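The sequence shown maps to residues -20 to -1, 1 to 877 in mature numbering (1 follows the signal peptide of the UniProt record, and there is no 0).
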Amino acid sequence: MALLAAWLLASSLRFMLVKVGEPMSAACVFQGEEDTRNLYKEGDVVIGGLFPVHYSPRSFKPSYQKKPEPTEYNFSARALRWTQTMAFAIEEINQRRDLLPRLKLGYHIRDSCDDIPVSLRSSLLLVSGPPDLNANSACRGVPRPVSPVIIGDAASGVSMAILRTLGSFGIPLVSYFASCNCLSNKKEFPTFMRTMPSDAFQIKAIAKLIRYFHWTWVGVIGVESDYARFAIQLFLEESSKYGACAAYVHFYPVLLSKESIADLMQTIRGSTAKVILNFSGESELQTILTECRRQNMTHIQWIASEAWATAKSLWGEFQGLLTGTLGFAIRKAEIPGLQGFLTRGLLVRAHQSPFFAELWEETFNCKLNVSLNRHVHSDAALSRRPCAEEEEAPEAVRSDYSDVSQLRVSYNVYKAVYLVAQALHDMSGCTRGAGPFENGTCADPENVLPWQLLHYMKQASFNMLGEQVSFDKNGDPIASYDLMNWQKGPDGSLQLVKVGFYDTSLGGEKELVINDTAIWWHWGQQGPPASVCSASCTPGSRKATRKGEPICCFDCLPCTEGEISNETDSLDCRRCSVETWPNEAQDHCVPKTTEFLSYHGSMGIVLCTCSLFGLFVTMAIFGVFVAYRTTPVVRGNNMELSFLLLIFLSVCFLSGLTFIGEPTDWLCRIRYTTFGISFSLCISCILAKTVVVLMAFRATLPDSRVMRWFGPAQQRASVFLCTCIQIVICLIWLTTRPPLAVRNTRHHSSRIILECVVGSDVGFWSVLGYIGLLACLCFLLAFLARKLPDNFNEAKFITFSMLIFFAVWITFIPVYISTSGQYMVAVHIFAILASAFGILLCIFAPKCYIVLLKPEKNTKKQMIDSSGTQRRFVLWLGTAPVSHSPDALRWRGLSLV
């Protein structure tokens, strides 16, 4: 094919160069036979036109050893309508008085056959003029003027081949359907312009369409051509911006063999993509749809490129596959008077032009008498019946040729003709000396040079049927598309329904507008089909791409603790603030629940009840002691210190209540100081009781001076003195780094713990340490006094109470450090209550037992001598025994009466 194209190019260039050069001594012979199938109209300026009236060669394989045989092509009634739109526009311009009043336009239209070799030959004939074969074969005998501009071609690949040939001569080419973005490259194609928007805009529209319906897994196929390759490359780049991926990219040849179609079907079947985007013409798609129907592949949602978005010829045979197809079509317009022009004198033209003869015969499947149709036909076409001309009226011709309901490409042709006319009109209005060329010269419209015409075409701007037509620096028009939906009409015909549009002039997100309710989906579905590699990740999770796979294939991982995602397909999860925490769905942050030991909680209720119970028991014992204050048991156990101890134990039980409730700075300071001072008072009282008992038995004489230092006043002073030391420690603590209420978010991520921090660890442990020191002294002295006479021996009960005190607080330290929140506070309260109950029960329970349950033992006689005789008490101090009488005890403050 390439060699054939090169041969045609060389032969045509020889013909053209001889024509424009100096006379040659030898005659210039035109290579080959001229194709007489063309449309021509004389004029002062003849505009060239290239249209694919025939397309898709059948089994064309040249041997390159002899002249190729005539090739069978398919006929396109739609392309013939394009040729007549050009002819109509030129006739309309010639009739106007406001546009080119002194210049008559003509046209020279040839068939490109959608084939590069044929297109090159036809384009060279347009710009050099066909030869006069009756003038001694001299190349100078050109009966028709050359065309300074060509309107064509439809295909991007064909247009590029023509431009690479004619570009060196500065001949402009205005395409009405070539959309490849590569043609916008002015360095490579400086003479190219078009009324068809660039694929760059169409691709942006398709990418936004795919994003709109959340299709992220799309199959992309295209014919082996520059148009498809550039379009698919642009689509892959643009769709990636919206997170869409190509499930596969497959190119197939123009002539689909069994192997190539099988390979394509295997690719489609092997993918989970339900949406396929196809870049090709309608002819290539026919073979693919035929195979899809044969293999019952009816689940596909087709996305059409503008090349076949309105191709009605596909509907009759494949409506079951194409229902619901979506595609962007170029802007539609209504051209007044065009339909009458198309059908006027159609039968007469069928006897005058091979194109119209073939249209007639293809439409009615018959053979005209003395037909001008010399096109190569299949065997079935050769056996057609003769046409009954008297029965077939021209108005009966109903085909793509006469259908003006979807004038899109035809409108582009119409605009292309007016573009050339407007450029010639602007050229005619040039003022000598103020022209755009060297030395202010103007161009001559009747002898226009192509490069001069191109200059004015680039500057052209005009209004066409309510649309302002202008071009950018690349020669591209403003892009505007209609989103078309293929729907089945009541009579089974195709209805191309506009369900949206794309307009680049609107800008941003407003460019694409879609009416969802107007869309008819494939097989009557209620909504768009899902075409994804992986289902969308719901809020509360994030996407994690799979190694070695496209970004559209991913796994959904739940957000980690403390993180949320409130968007679908979120790439990352974000952490909630310190004061908030994810809800159960992890799609938004909610305020954290605050936690503290409350009076309303079960734990708070239990501890509060225990504290109040301890207070009640203490007050009950106090009442018993008050009621029986004259009895020997109460009086013989240092009654004054016992009352003080009971009062201070009540304060200890009440101090536990300060640990319950919402912490505040003042409450935190009160709870720790109350706890420290109250326990210091209790232990100080016990210490004083122990010292008095111990010293009473050490004094040997009634008038000994030792007991004078342990009278009631001295006992109270010792309690006060021991407590003052604790008060000083607390004051230093409160004035340096006092306890504070804080919102702890470290230990529990989902909760805010309202707690008291000690402020100064030294202060807190100093308070505990001082209490422990008093307890150790008390325990040591009580241990030494454990063998006093039974009736007076309170020391052993103090020893037991201190053992319980130590057990509680030694256990408290590791548990307190290892817990947090309300449990830490509960441990502290439990230690307070346990130690307070231990002191209360060990010291006062035996006395209450005798007072209330054994009153017979609560007598002076029983306390002096349970056997009725005087009893002796012996206290071993070292190795010397000392005897004591009851009379001596009175002097020691232990009166029994």
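Even for Gly, the Cβ is constructed at its ideal location relative to N, Cα and C.
All of these numbers come straight from a predicted model, not from anything done at the bench.
Terminal residues of the beta strand (DSSP E) in which residue i lies
{"i": "aspartate 91", "result": "85 to 91"}
{"i": "glutamate 575", "result": "573 to 575"}
{"i": "proline 97", "result": "Taken as a continuous stretch (DSSP letters only), proline 97 belongs to no beta strand (DSSP E), being part of the alpha helix (DSSP H) at 96 to 108."}
{"i": "proline 794", "result": "Where proline 794 is concerned, there is no enclosing beta strand (DSSP E), although the alpha helix (DSSP H) it sits in stretches over 775 to 798."}
{"i": "residue 912", "result": "No answer is possible for residue 912: the residues shown for the chain start at -20 and end at 877."}
Member of the options whose CA lies at the smallest distance from the CA of residue i
{"i": "threonine 51", "options": "Ile27, Pro97, Glu22 and Leu189", "result": "Pro97"}
{"i": "threonine 63", "options": "Gly752, Glu491 and Ile27", "result": "Ile27"}
{"i": "valine 613", "options": "His279, Ile823, Ile130 and Leu294", "result": "Ile823"}
{"i": "residue 915", "options": "Ser237, Gln182 and Ser205", "result": "With the chain running from -20 to 877 in the structure shown, residue 915 is simply not present."}
{"i": "alanine 59", "options": "Leu83, Trp295, Tyr232 and Val393", "result": "Val393"}
{"i": "isoleucine 256", "options": "Tyr228, Asp243 and Leu734", "result": "Tyr228"}
{"i": "glutamate 204", "options": "Gly296, Cys225, Gly261 and Ala253", "result": "Gly261"}
{"i": "phenylalanine 193", "options": "Ala253, Ser511, Leu537 and Gln213", "result": "Ser511"}
{"i": "alanine 69", "options": "Lys167, Arg174, Val397 and Ala187", "result": "Val397"}
{"i": "serine 408", "options": "Gly202, Gln802, Asn18 and Val25", "result": "Val25"}
{"i": "glutamate 341", "options": "Cys367, Ser363 and Leu833", "result": "Cys367"}
{"i": "serine 56", "options": "Tyr20, Glu338 and Ser139", "result": "Glu338"}
{"i": "serine 473", "options": "Glu297, Cys588 and Met599", "result": "Glu297"}
{"i": "glutamine 706", "options": "Gln432, Val738 and Phe655", "result": "Phe655"}
{"i": "alanine 291", "options": "Gln281, Tyr829, Gly307 and Phe451", "result": "Gly307"}
First through last residue of the alpha helix (DSSP H) which encompasses residue i
{"i": "phenylalanine 308", "result": "Note, phenylalanine 308: premise wrong, no alpha helix (DSSP H); beta strand (DSSP E) at 306 to 310."}
{"i": "methionine 619", "result": "619 to 635"}
{"i": "glycine 603", "result": "582 to 607"}
{"i": "asparagine 392", "result": "389 to 408"}
{"i": "threonine 270", "result": "262 to 274"}
{"i": "alanine 697", "result": "692 to 716"}
{"i": "methionine 140", "result": "136 to 146"}
{"i": "glutamine 247", "result": "It is worth fixing the name first, because residue 247 is threonine in this sequence and not glutamine. Looking at the DSSP string, the run of the alpha helix (DSSP H) that includes threonine 247 is 238 to 249."}
{"i": "isoleucine 186", "result": "179 to 192"}
Exposure label - residue i; buried when at least 16 CB within 10 Å
{"i": "alanine 607", "result": "exposed"}
{"i": "proline 794", "result": "exposed"}
{"i": "serine 635", "result": "buried"}
{"i": "serine 781", "result": "buried"}
{"i": "asparagine 276", "result": "exposed"}
{"i": "valine 479", "result": "buried"}
{"i": "cysteine 702", "result": "buried"}
{"i": "arginine 249", "result": "exposed"}
{"i": "histidine 230", "result": "buried"}
{"i": "arginine 311", "result": "buried"}
{"i": "alanine -19", "result": "Note that alanine -19 has pLDDT 43, beneath the 50 cutoff, so the model's placement of it is unreliable and no number is given."}
{"i": "tryptophan 503", "result": "exposed"}
{"i": "serine 847", "result": "Legend: pLDDT at serine 847 = 34, less than 50; position of this residue unreliable, value from coordinates given subsequently. That one is exposed."}
{"i": "alanine 289", "result": "buried"}
{"i": "cysteine 93", "result": "buried"}
Helix, strand or coil at residue i [DSSP, three-state]
{"i": "phenylalanine 417", "result": "coil"}
{"i": "asparagine 345", "result": "coil"}
{"i": "serine 382", "result": "coil"}
{"i": "cysteine 756", "result": "helix"}
{"i": "cysteine 736", "result": "strand"}
{"i": "lysine 669", "result": "helix"}
{"i": "tyrosine 53", "result": "coil"}
{"i": "valine 126", "result": "coil"}
{"i": "histidine 34", "result": "strand"}
{"i": "valine 614", "result": "helix"}
{"i": "threonine 411", "result": "coil"}
Those residues which DSSP pairs with residue i across a bridge
{"i": "lysine 21", "result": "Tyr87"}
{"i": "asparagine 443", "result": "Gln448"}
{"i": "tryptophan 197", "result": "Cys225"}
{"i": "aspartate 483", "result": "Ser460"}
{"i": "cysteine 536", "result": "Lys523"}
{"i": "glutamine 281", "result": "Val255"}
{"i": "asparagine 427", "result": "Answer is none; asparagine 427 lacks a bridge partner."}
{"i": "glycine 202", "result": "Phe231 and Phe259"}
{"i": "glycine 28", "result": "His88 and Ile130"}
{"i": "methionine 173", "result": "Val154"}
{"i": "lysine 468", "result": "Leu474"}
Contact with chain C by residue i, beta-carbon distance below 9 Å
{"i": "leucine 463", "result": "Of the chains in the structure shown, none is chain C; there is only one protein chain."}
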